[in-house]
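Trainee: Shown below is the structure under consideration.
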Amino acid sequence: MIERFYLRDFLSFKEAEMEFTKGLVVFTGPSGSGKSILMSSILASLGLDEAKAGLSEATINFPIKLEEIGIEEDEYTVFKQIKKDKVRHFINNQTISKKVLLKLSSSFVRHLSLRDYSDFKNESLLKMIDSFALESNKTHLKKLNKYQDKFQNLNKIKKELEKILEDEKKVVELREFAEFEISKINAISPEIGEDEELMKVKKELSKKEKIEESLNVAEEIFRYENSVSSSLELLDIESSFFDDAMNELRAHFEASKDRLAELTECNIEELLTRIEQISELKHRYGSVEEALTYRDERLKELEIYENLDEHKSELNEKINILEKEVISEAQEISQVRLKSLKKIVSSFNDFLKQLYLRPASINLVKEELNIYGQDRVEIELNGTALEKVSSGEFNRLRLALLAVKSLQDNEGGILMLDEIDANLSGEESMSVAKVLSHLAKDYQIFVISHQPQLTSQADQHFFVQRDKFSTVKVLKDEERVNEIARMISGDKITEDAIKFARGLMEEKCV
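End of the sequence shown = 594 in my numbering, gap-free, step of one.
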């Protein structure tokens, strides 16, 4: 949940600070007072709206996997947005990109804007049905995962077959190209590590004359070996250390001479030609290892081209077997979903009835197999497709669907609603309030309200007003009664309005 929100320098607001509770949080106030500005700034602090405030800061108390984006976790997570020359976003005082912020906040915040069909997408609806199906069929998810693995494997094999059929049309050209590439690499026959060894030899050759000259000069030291040994003996100094050092030096010099003799026999032209050949391979393929890997891949291609008919038969056989299995498993999954659908439809229509809407139908329609099975979910309100219902009906339909989902999935989070009770009757507004109160058991819900019915059911009520600047404050007890009465009768509050407001608040949903 959002526990605290701070705002500074945003349109009519100079500064505002609010501390929120769980449940249903309602904003009311006269038209133009700044309610939408507040809602927009909360969304912007979480990356869900355009940032326009000088500063907005939201303190979140909700399990968020910050370690996945390299941010240290704390008891609270603070989202901050600052706008000076440009907009910058922070989480726990660490800079974060808008893209990462949006992905993160979308995992626990839902902004239900007008005509947002995301909840009615087939994937989302099937996920809900599968969640209910697990209640009565514990193996359903395992079967669904098994089906999806097979479906992906089937598609992979089909693509492989398609490629072969396409390649078959140009197989002669492809075979010639593969043979050419293989022969080009084989003609050089590079060995792993050969390029480093060749460069080492080239470096040695470049220093050969200098080494020979240096060795000839340095060998003069051996002329004085006996003199040094005699001197050490006269001085009663053990000469073994000197003898060992001279023997080791002699061995190094001999080894160097042997290596120089080998280099003398080396054909420089052949060496440079070989280096050039290896360099060309590396330039074309990246490295000797990659060149050899590329050659091996082309060899496999040749093998496939030479056994094309046999390979096609194998793939077709695999496809036939997998298709039968996938179709059978998709049908099983569909049957399990159908059984769960009865309970979902019943709960859905119960909520629709509360919302003063006619019953809806939810049907599974068979379609072409895909990663989710063979089912497409169709929802109609009394025979009318979703695209043709009014915005008020659509909003209540979506609310009913969210309420059904919450029966099974109570992960919770934050819901932000755009004026959901606009243009509703009093009865309809109260019905929306009751469903929101049901959802508020799992969600923290923020809503701008224009109706006294919805406002009366709030767990927390904020009043927004504007003189020169906009201000916001939380209302308690009689303040709430007076604000609800204002919403009923206008600025001239009557006794009847106050009485009606008290009556509405007494109906507060439990």
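From the three backbone atoms N, C-alpha and C, an ideal C-beta is built for every residue, glycine too.
1. If you count every other CB in all the chains shown that lies within 10 Å of the CB of PRO274, and 16 or more means buried, which is it?
2. According to the Cβ coordinates, are ILE362 and ASP459 closer than 7 angstroms?
3. Scan the region 155-231 and note each continuous alpha helix (DSSP H) run of 4 residues or more that stays entirely inside, going in chain order.
4. Taking the alpha helix (DSSP H) that VAL461 falls in, what are its first and last residues?
5. Mapping the DSSP letters down to three states, classify ALA524 as helix, strand or coil.
6. Please classify ASN507: does DSSP put it in a helix, a strand, or coil?
7. Identify every residue that forms a DSSP beta bridge with TYR90.
8. Take GLU595 and list the residues in its own chain whose beta-carbon comes closer than 6 angstroms to its own, dropping the five residues that flank it on each side.
9. In the DSSP assignment, what are the bridge partners of THR112?
10. Under a three-way DSSP split, which group does THR539 fall into?
11. Exposed or buried, LYS222, counting other C-beta atoms within 10 Å across all chains shown (16 or more means buried)?
12. Taking contact to mean at least 3 C-beta pairs separated by less than 8 angstroms, is the region 107-115 in contact with the region 150-161?
13. Confirm, please, whether the CB-CB distance from GLU265 to ARG382 is below 7 angstroms.
14. Select from VAL461, ASP561, SER554, MET571 the residue whose C-alpha is nearest the C-alpha of ALA100.
15. Is the beta carbon of HIS173 sitting closer than 7 angstroms to the one on LEU127?
16. With DSSP as the reference, identify every bridge partner of ALA469, one or two as the case may be.
17. Which residue's Cα is closest to the Cα of LEU499: ILE148, GLY113, SER190, SER125?
18. Can you name, in chain order, every residue of its own chain whose Cβ lies under 6 angstroms from the Cβ of GLU385, other than the five neighbours on each side?
19. Could you tell me the distance, in whole angstroms, from the CA atom of LYS489 to the CA atom of SER445?
20. Could you give the distance in angstroms between the alpha-carbon of PHE163 and the alpha-carbon of GLU464?
21. Identify, in the order they occur along the chain, each residue of the same chain with its Cβ nearer than 8 angstroms to the Cβ of GLU87, setting aside the five sequence neighbours on each side.
22. Is LEU392 near the ligand GDP, going by C-beta to nearest heavy atom under 6 angstroms?
23. Compute the distance between the beta-carbons of ASP203 and LEU485, then report whether it is under 7 angstroms.
24. Quick check on DSSP: helix, strand or coil for VAL594?
Mentor: Taking the geometry as given:
1. Translated into positions along the sequence shown, residue 274 becomes position 190. That one is buried.
2. Position 278 of the sequence shown, counting from 1, holds the residue named residue 362. Position 375 of the sequence shown, counting from 1, holds the residue named residue 459. Taking 7 angstroms as the Cβ cut-off, ILE362 and ASP459 do not qualify as a contacting pair.
3. 182-189, 206-220
4. What you label residue 461 is simply residue 377 of the sequence shown in a count that begins at 1. Here VAL461 belongs to no alpha helix (DSSP H); instead the beta strand (DSSP E) covers 457-465.
5. Sequence index remark: in the sequence shown, residue 524 carries index 440 (1-based). If DSSP states are grouped into helix, strand and coil, ALA524 belongs with coil.
6. Counting from one through the sequence shown, the residue named residue 507 turns up at place 423. Reduced to three states, the DSSP call for ASN507 is coil.
7. Here residue 90 corresponds to residue number 6 of the sequence shown, with the count starting at 1. In DSSP, TYR90 forms a bridge with GLU101, GLU141.
8. It is not possible to answer for residue 595, since the shown part of the chain is limited to 85 through 594.
9. Locating residue 112 in the sequence shown gives position 28, where the first residue counts as 1. Bridge partners of THR112: PHE547.
10. On the sequence shown, position 455 is the one that residue 539 refers to. THR539 falls in the helix class under three-state DSSP.
11. Numbered from 1 along the sequence shown, position 138 holds the residue referred to as residue 222. That one is exposed.
12. no
13. Indexing the sequence shown from 1 puts residue 382 at position 298. Indexing the sequence shown from 1 puts residue 265 at position 181. Yes; because the gap between Cβ atoms is below 7 angstroms, this pair is in contact.
14. What you label residue 100 is simply residue 16 of the sequence shown in a count that begins at 1. Per the Cα distances, SER554.
15. Position 89 of the sequence shown, counting from 1, holds the residue named residue 173. Position 43 of the sequence shown, counting from 1, holds the residue named residue 127. Taking 7 angstroms as the Cβ cut-off, HIS173 and LEU127 do not qualify as a contacting pair.
16. As a working mapping, residue 469 is identified with position 385 in the sequence shown. Answer is GLU464, bridged to ALA469.
17. Locating residue 499 in the sequence shown gives position 415, counting from the first residue. Ranking the options by Cα distance to LEU499, first place goes to SER190.
18. For the purposes of this step, residue 385 is identified with residue 301 of the sequence shown, where counting begins at 1. The residues are ALA262.
19. Position 405 of the sequence shown holds residue 489. Position 361 of the sequence shown holds residue 445. C-alpha separation (whole angstroms): 16 angstroms.
20. Against the sequence shown, residue 163 aligns to sequence position 79. Against the sequence shown, residue 464 aligns to sequence position 380. Roughly 40 angstroms separates the two Cα atoms.
21. Here residue 87 is taken as the residue at index 3 of the sequence shown, counted from 1. These residues qualify, in order along the chain: GLU103, PHE104, THR143, ILE144, ASN145, TYR160.
22. The ligand content of the structure shown is nil, which means the ligand GDP is not present either.
23. Looking up residue 203 in the sequence shown gives position 119. Looking up residue 485 in the sequence shown gives position 401. Cβ atoms of ASP203 and LEU485: closer than 7 angstroms.
24. Taking the sequence shown and counting its residues from 1, one reaches residue 594 at position 510. Its pLDDT being 44, under 50, VAL594 is placed unreliably by the model, and nothing is read from it.
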